[in-house]
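The block underneath contains the structure these notes are about, expressed in structure tokens.
Protein chains in written order, with my numbering: chain A, 1 to 126; chain B, 1 to 294.
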């Protein structure tokens, strides 16, 4: 990387719906050296977003099928494969298969809060 | 130094491996249930611990003792949250395994000992991960996360994981993508003792249905979407639409925090729920019941 590129200020966009919060952040960041808060129409290097928005979009990479989501909710409720099978009207073998596929999938994307993921979309009975 | 010296050392190592398996094997049995073959081990006289996941949901269970004798076994209890099942056999002459909790640093040698038709099976590798307590997806509390980098045959699931000094680390089970996990000795002692006593692991029950919601004032909360009639939540005066904001004074932002409060020891306990209702916060005492078996 050339020296001039390093010297160029980092362009920061504030993609925050809450106007008051966005204004406060803009005021705080206005005088930070090497950083420039850009307007919505300009291109940016990085963006600040709501923390809830980040976890929301991160859900996208799990890509669970509706059935898997259903199984995940039942798993979180502590159900056995047999109980899941009975609830969904499928065989224990099929339930086991779904559970295995789900665990593999979650592990592959490093999801540790899978339960929260399920609870955002479905009612969990505790 | 003679030419053969390095080979002698390799032979010593090989003999040590075989000896380790030999120490564990007398307590390891083969477990047969409907369409499934796994392993188990003598936990206490006449009581066998095995992997719940590998045990069929129905049908007869038999175990093959070291040496080849096959006998019937009865299910005492099973806990799918920690993957532990307990079986009873009418024999008290098979010596129980001594469960220990040695420290197992990452990279330490580990051997998995299983059994098939009365003969031991073995696999070796290293401890590939060793961290603190974790919760299984089904909500079971497991005392340590120990993963082994070894390829284990299906039938060895439910057998023993031992370390280089011959101490038992715990029971081997399969995790995601056939990764070998160890259910540590401490978890086995705790859960198996409970299974022996009452046949199952109780789970706390609120009788409420929850969903995560984004709060007006920012952040997230857990909203009550359903109240089971006559359930603990209904009795405590919780209503549909209430948002649970705290549990015994601790803020609640995740369903997970609720799950953690509903472990085996929670049944019968009274907790104070902080509810946000129509913009106002109120505290209500709720007595946790036992979750009905599904």
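Note that the Cβ used here is the ideal one computed from N, Cα and C, for glycine as well.
For the pair residue 100 of chain A and residue 68 of chain A, the Cα-to-Cα distance works out to about 10 Å. Neighbours of residue 81 of chain B in chain A, taken as residues at a C-beta separation under 7 Å, are given in chain order as 78. About 6 Å separates the beta carbon of residue 59 of chain B from that of residue 33 of chain B, a gap short enough to meet the 8 Å contact definition. Counting of Cβ neighbours within 10 angstroms places residue 264 of chain B among the buried residues, the total reaching 16 or more. Of all residues in the segment 248–274 of chain B, only 254, 255, 256, 258, 259, 262 place a beta-carbon less than 7 Å from a beta-carbon of chain A. Rounded to the nearest angstrom, the gap between the Cα atoms of residue 5 of chain B and residue 11 of chain B is 10 Å. Nearest CB-CB separation between residue 176 of chain B and chain A: below the 8 Å threshold. Taking a Cβ-Cβ cut-off of 9 Å, the neighbours of residue 209 of chain B in chain A comprise 123, 124, 125, 126, given in sequence order. Listed along chain B are 137, 175, 176, 177, each with a C-beta nearer than 9 Å to that of residue 103 of chain A. Membership of residue 149 of chain B in the beta strand (DSSP E) is indicated by the continuous run 145–149. By the beta-carbon neighbour count (other beta carbons within 10 angstroms, threshold 16), residue 71 of chain B is exposed. Interface criterion met: the Cβ of residue 82 of chain A is under 8 Å from a Cβ in chain B.
In the same chain as residue 252 of chain B, and ignoring 5 residues on each side of it, the C-beta atoms closer than 7 Å to its own belong to 222, 244, 245, 246, 258, in chain order. At a cut-off of 8 Å between C-beta atoms, residue 212 of chain B counts as an interface residue with respect to chain A. Excluding five sequence positions before and after residue 192 of chain B, the CB atoms of its chain that fall closer than 7 Å to its own CB belong to 43, 49, 84, 86, given in chain order.
One finds 78 in chain A with Cβ atoms closer than 8 Å to the Cβ of residue 203 of chain B, taken in chain order.
According to the DSSP assignment, residue 67 of chain A belongs to the alpha helix (DSSP H) that extends over 66–76. When the beta-carbon positions are compared, residue 110 of chain B and residue 189 of chain B stay at least 8 Å from each other. Contact check for residue 106 of chain B against residue 91 of chain B fails: the beta carbons are separated by 8 Å or more. Boundaries of the beta strand (DSSP E) around residue 212 of chain B: 208–214. A Cβ-Cβ separation of about 44 Å leaves residue 92 of chain A out of contact with residue 216 of chain B under the 8 Å criterion. If you draw a straight line from the Cα of residue 249 of chain B to the Cα of residue 280 of chain B, it is about 16 Å long. Residue pairing from DSSP places residue 171 of chain B in a beta bridge opposite B/160, B/183.
Contact between residue 270 of chain B and residue 287 of chain B holds, since their C-beta atoms are separated by about 5 Å, short of 8 Å. Contact check for residue 205 of chain B against residue 289 of chain B passes: the beta carbons are separated by less than 8 Å. Cβ neighbours of residue 166 of chain B within its own chain (closer than 6 Å, five residues either side excluded): 20, 23. Within chain B, the residues 255, 256, 259 have their CB atoms less than 7 Å from the CB of residue 115 of chain A, given in chain order.
Under the DSSP definition of a beta bridge, residue 116 of chain B partners with B/119. In its chain, beyond the 5 residues on either side, 80, 81 have a beta carbon closer than 7 Å to the beta carbon of residue 138 of chain B.
With its beta carbon at least 8 Å from every one in chain B, residue 109 of chain A lies outside the interface. Here the alpha carbons of residue 96 of chain B and residue 278 of chain B stand approximately 59 Å from one another. When rounded, the separation of the alpha-carbon atoms in residue 102 of chain B and residue 230 of chain B is 47 Å.
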